Structure formats: structure tokens, C-alpha cells
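Engineer: Under full-length UniProt numbering, the first residue of the sequence shown is numbered 1, with each subsequent residue one higher.
Can you read through this structure? Questions will come right after.
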Amino acid sequence: MTLRIHFTASQAEAAQAALTALTARYGSVTPDRAEVVVALGGDGFMLQTLHATRRWDVPVYGMNRGTVGFLMNIYAEDDLPERIAAAEETVINPLRMRATCADGTCHEALAINEVSLLREGPQAAKLRIHVDGRLRMEELVCDGVLVATPAGSTAYNYSAHGPILPIGSEVLALTAIAPFRPRRWRGALLPKSAEVVVEVLNPERRPVMADADSRSVRHVTRVEIRSAGEIRHRLLFDAGHGLDERLLREQFV
Numbered sequence: 001m002t003l004r005i006h007f008t009a010s011q012a013e014a015a016q017a018a019l020t021a022l023t024a025r026y027g028s029v030t031p032d033r034a035e036v037v038v039a040l041g042g043d044g045f046m047l048q049t050l051h052a053t054r055r056w057d058v059p060v061y062g063m064n065r066g067t068v069g070f071l072m073n074i075y076a077e078d079d080l081p082e083r084i085a086a087a088e089e090t091v092i093n094p095l096r097m098r099a100t101c102a103d104g105t106c107h108e109a110l111a112i113n114e115v116s117l118l119r120e121g122p123q124a125a126k127l128r129i130h131v132d133g134r135l136r137m138e139e140l141v142c143d144g145v146l147v148a149t150p151a152g153s154t155a156y157n158y159s160a161h162g163p164i165l166p167i168g169s170e171v172l173a174l175t176a177i178a179p180f181r182p183r184r185w186r187g188a189l190l191p192k193s194a195e196v197v198v199e200v201l202n203p204e205r206r207p208v209m210a211d212a213d214s215r216s217v218r219h220v221t222r223v224e225i226r227s228a229g230e231i232r233h234r235l236l237f238d239a240g241h242g243l244d245e246r247l248l249r250e251q252f253v
């Protein structure tokens, strides 16, 4: 079976060794000519690959040469074209972040997992939250807050005690990170179409940074977050081990 594959790998030793072996066996074309991109590494590298290849609208099949590998398939050199042909495709949409800084500059970034706001200094952040133009929380005192997609709900969101969201659920998770006041507030489920605006209160004394899939912006005063439904990321998973199954399995371990 002939399949035009573009291989890409993280700098980890295991990933580089896999890259050498697989390109020697199957060859590798440029991304613009590829029918599929094979990413070798961990989840962080998969996110990098999805961001880097989205303009070609080509599916990405990951093989784990990192640590956790939630977004990756099991690594094996044999029968790769056949595995890819039988794989299940999942389409996900990223979040779009627009962050305004204290100096008036604006920064935009996309996030496949989550957009998070985190305190920069020793004092807790004070945040005000609007959803679709309506004030929903006057003051949240916390280490931070995040908005997660279903695909990213098992990552930082889950560590912050946020819910795991099924793929295709058309919702986003708004989750507090170590909330101090209100003490019992653990977040909210929002429709995928919602626009979340977070304002930083007293940013001079309580500085806050914003992060979109490890793209960080410091000293933010206002962050706007919404789903970028016009952007599609296509992930491939081995048959029977799709993202829906992985998200479900995570809830029983």
C-alpha cells in the first residue's frame, strides 16, 4: 500500500531514532504533498504538530515516543500504512485567545487544550468573569482560571478538578484553579459558542499571565476566549482506541 507520509519528531532520543527508522522504511514527503502527517513524540509535540500543519488540512497520526501519550497511538514500525488506513478520525476545534496587556498591546493565539490565566506573583489573582457579555462573577480570588476544550479536558483542566468532556459534547469547561473565594466554586459548563472575557483586577499588585497551549503572555489585564469553529484539526487513532474511548476510560482509573 502506497501512502504519502510526512514524518516529524520531537528532539527526544527515542523520537529521533524512530524518525530515522520509519523514514528509511516508508520514505517521507514534504507536508504540502502528504496525505497524512505522522508525529513521533509525546502530547506536547502532538500539539505543536497540529498547530504547525493546520494550513494543509491533513490528518495527523501520532505514535508515542514521549511519556503520557494520551493523544498518541502505540509505537510500532510494521504495517504503518495499513494502520493509518483503518484509523478513526476525530475533528476538533481550538480556542482563540485575545489577550490585552498592561502596556496596551494585544496578542492572539490558538489553543487545542486550554487557555489558562495564572497568577505571576506571590499573591492570589483577582478576576472578574463575563460570559457572552453578561457579568457572571464579580470577583474570583484564586491561583487562576482556565477554559478547556473536550480534547483538553483530561489535561490541566482535570488536574484542577474540572470535568472530563466527551468529544462532540459541544461544551467548554470553565474551571477555577485553587479558588480561595468563593471557596465552593469549582467552575461551570458553557456552550461551545460562548465567549468568555476575564478581567484582571488590581493587575499592578496582582499580576497575571495568560497561556494558550504553552504560548504565554505576561501582565495581562483582559483575556477574551472563544471557540474557533472555523479551524479544524484532524487526529487519527487506531480502530477501537479513538478519543471518545480514551476520554471514557480516563474516568474509570
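We put the CB at the ideal spot given by N, CA and C, even for glycine.
Model, not experiment: these values are computed from the prediction.
Starting from H6 and walking both ways along the beta strand (DSSP E), at which residues does that stretch end?
Structural biologist: I5 to A9
Engineer: With distances taken between CB atoms, is the gap from L95 to S116 smaller than 8 Å?
Structural biologist: no
Engineer: Can you check the stretch 89-117 for any beta strand (DSSP E) of at least 3 residues that lies completely inside it and give the ranges in chain order?
Structural biologist: The stretch 89-117 is shown to contain whole beta strand (DSSP E) runs of 3 or more residues at 95-101 and 106-111, in chain order.
Engineer: So which of R119, I112 and V141 has the shortest CA-CA distance to L47?
Structural biologist: I112
Engineer: Buried or exposed, going by whether 16 or more other CB atoms sit within 10 Å of the CB of E37?
Structural biologist: Before going on, a small fix: residue 37 reads as Val here, not Glu. Label assigned to V37: buried.
Engineer: So what's R215 in DSSP terms, helix, strand or just coil?
Structural biologist: The answer is strand: DSSP assigns R215 an E or B state.
Engineer: What is the residue span of the alpha helix (DSSP H) that T221 lies within?
Structural biologist: Not the alpha helix (DSSP H): T221 falls in the beta strand (DSSP E), residues V220 to S227.
Engineer: Where does V91 land, buried or exposed, given buried means 16+ other C-beta within 10 angstroms?
Structural biologist: exposed
Engineer: For G240 versus N93, is the C-beta distance shorter than 8 Å?
Structural biologist: no
Engineer: Taking the beta carbon of A109 as the centre, do at least 16 other beta carbons fall within 10 Å, making it buried, or is it exposed?
Structural biologist: buried
Engineer: In chain order, what residues of the same chain have a beta carbon less than 7 Å from the beta carbon of A39, not counting five sequence neighbours either side?
Structural biologist: T8, F45, M46, T49, V60 and G62
Engineer: Which of the three DSSP states is assigned to F45 in this structure?
Structural biologist: helix
Engineer: Under the DSSP definition of a beta bridge, which residues are partnered with M137?
Structural biologist: I129
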